[in-house]
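So the structure is just underneath, and the comments pick up after that.
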């Protein structure tokens, strides 16, 4: 049986990502309409430009996880909450109960494309709205592919340690509120490592950034 891993060093990664045209079209709200040759050429050229210009970076770290039961928690049906040891992050709610039940550790991760896509939008969206919208969709796809790359690293590390990783889950989905963002980003020192900050409304800057958490469960207990 694998022992719960201790707090691990911060791990970092980076790498160019190729946006998939099908996903870019989905982000643009495309509904299988025919694409004329001129628009297709713009799409392909913009995807290539985004892939060359945007180099996403990511960080992740493993923390011990402690479960407390019988606690009065907002959004919890069973009174269960999860304390991410070594941080101020506390997780509760039905989504976290389902995801983290039986987990002895948790991975916190953050990914960003940096300020480039935001600056590109500011420079071009008024004069070149079509290209700007496409470039913006490419950046969304690139940060998601980078999150997948970070997730693959985490999955490989987890298997090597005798753990099974859950799916990743991001603040703002289900009943996991954006209010966990400050503690999550602080745990990763994301302002210094990736340049990610938060607005008063808890939106990330740069905008093309992703945070997520992943539970680690002992393989023998599955």
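In this note's numbering, the protein residues as written are 7 to 228. Ideal placement from N, C-alpha and C gives every residue a C-beta, glycine not left out. Fair warning: this is a prediction, and the values are worked out from it, not measured in the lab.
If contacts are defined as beta-carbon pairs under 8 Å, then residue i and residue j qualify, I think. What distance do you get, rounded to the angstrom?
i, j, result
"residue 174", "residue 220", "5 Å"
"residue 25", "residue 57", "6 Å"
"residue 88", "residue 106", "5 Å"
"residue 189", "residue 110", "Not a contact, Cβ separation roughly 20 Å."
"residue 222", "residue 112", "7 Å"
Using the C-alpha atoms, what's the distance from residue j back to residue i?
i, j, result
"residue 198", "residue 44", "42 Å"
"residue 163", "residue 208", "30 Å"
"residue 185", "residue 123", "25 Å"
"residue 7", "residue 168", "Any reading at residue 7 is ruled out, since the residue's pLDDT is 41, under 50, leaving its predicted position unreliable."
"residue 193", "residue 64", "14 Å"
"residue 28", "residue 145", "14 Å"
"residue 138", "residue 160", "33 Å"
"residue 143", "residue 114", "25 Å"
"residue 34", "residue 74", "43 Å"
"residue 32", "residue 172", "26 Å"
"residue 127", "residue 21", "22 Å"
"residue 125", "residue 212", "10 Å"
"residue 47", "residue 195", "41 Å"
"residue 98", "residue 14", "23 Å"
"residue 217", "residue 92", "18 Å"
"residue 55", "residue 108", "44 Å"
"residue 156", "residue 96", "23 Å"
"residue 62", "residue 225", "31 Å"
Which partner residues of residue i appear in the DSSP bridge assignment?
i, result
"residue 219", "114, 175"
"residue 72", "89"
"residue 98", "87"
"residue 19", "64"
"residue 203", "211"
"residue 224", "169"
Going along the chain, which residues of its own chain have a beta-carbon closer than 6 Å to the beta-carbon of residue i, five neighbours each way excluded?
i, result
"residue 86", "75, 103"
"residue 214", "119, 123, 145, 149"
Considering only residues of the same chain and omitting the five flanking positions on each side of residue i, which have a CB-CB separation below 7 Å?
i, result
"residue 147", "25, 26, 29, 30, 33"
Leaving aside the five residues before and after residue i along the sequence, list all residues of the same chain whose C-beta is less than 8 Å from its C-beta, in chain order.
i, result
"residue 49", "27, 30, 31, 41, 140"
Three or more C-beta pairs under 8 Å: does that hold for the region 172-187 against the region 62-70? no
Counting Cβ pairs closer than 8 Å, one from the region 26-45 and one from the region 112-131, do we hit at least three? no
Is the number of C-beta pairs between the region 146-156 and the region 105-123 that are closer than 8 Å three or more? Because the criterion of three Cβ pairs below 8 Å is met, the region 146-156 and the region 105-123 touch.
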